[in-house]
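Asker: Numbering (our numbering), first residue to last: 3 to 129.
#1: Quick one: what's got a C-beta closer than 6 Å to residue 38's C-beta in the same chain, skipping five residues either side?
#2: Where does residue 89 sit, in a helix, a strand or coil, going by DSSP?
#3: Rounded to the nearest angstrom, how far is the Cβ of residue 73 from that of residue 128, given a contact under 8 Å?
#4: Residue 77 bridges to which residues according to DSSP?
#5: Given a threshold of 16 other Cβ atoms within 10 Å of its Cβ, counted over all protein chains shown, does residue 109 qualify as buried or as exposed?
#6: Between which two residues does the beta strand (DSSP E) harbouring residue 116 extend?
#7: Roughly how many angstroms separate the alpha carbons of residue 75 and residue 114, rounded to a whole number?
#8: With H, G and I counted as helix, E and B as strand and the rest as coil, what does DSSP make of residue 41?
#9: What ranges does the beta strand (DSSP E) occupy inside the segment 20 to 64, keeping only unbroken runs of at least 3 residues that lie completely in it?
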C-alpha cells in the first residue's frame, strides 16, 4: 500500500464539501468509460455523455420485450417503441431517440434487427 502524502492525508481528514480533486474526477470518468457508461464527445475530453445503461443493454431489454410478446418479424416506428402504449410498462419507455437508435444499432450488429426508413421517419424490423 502507498502511504498517503501529507496533502492527501490532510484532504482525506478535512475534505471540502463539493470539491473533488481533478485527478479523482478523472479516475471516476475513466472507470465509467471502461465500463461503457461514458463516451467522450470531443478529443480534448471536456464534454462527455454518461449513460445509465449502455446501448447494448438497452437493446437487450428491447429485444426481450419483442421476444416475450411474439413480435419478431414485426416493424415498429421509433415513436411506437419509445412512447407507444404497448411499451408503457417497459424500462425503455421514454428513452430518447439518440439512445434508442444506438440500442437498435447494437441489435442490428447482432442481426436481430434492421433499422429502416419509413414514410414518416425511421423504424425497425425485428428478426
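Backbone N, C-alpha and C fix where the C-beta goes; we use that ideal spot for every residue, glycine too.
Answerer: Put simply:
#1: 56
#2: Correct three-state label for residue 89: helix.
#3: 6 Å
#4: Beta-bridge partners of residue 77 (DSSP): 127.
#5: For residue 109, the number of other beta carbons within 10 angstroms of its own is at least 16, and it is reported as buried.
#6: 115 to 120
#7: Those two C-alpha atoms are separated by around 10 Å.
#8: strand
#9: 40 to 42 and 50 to 52
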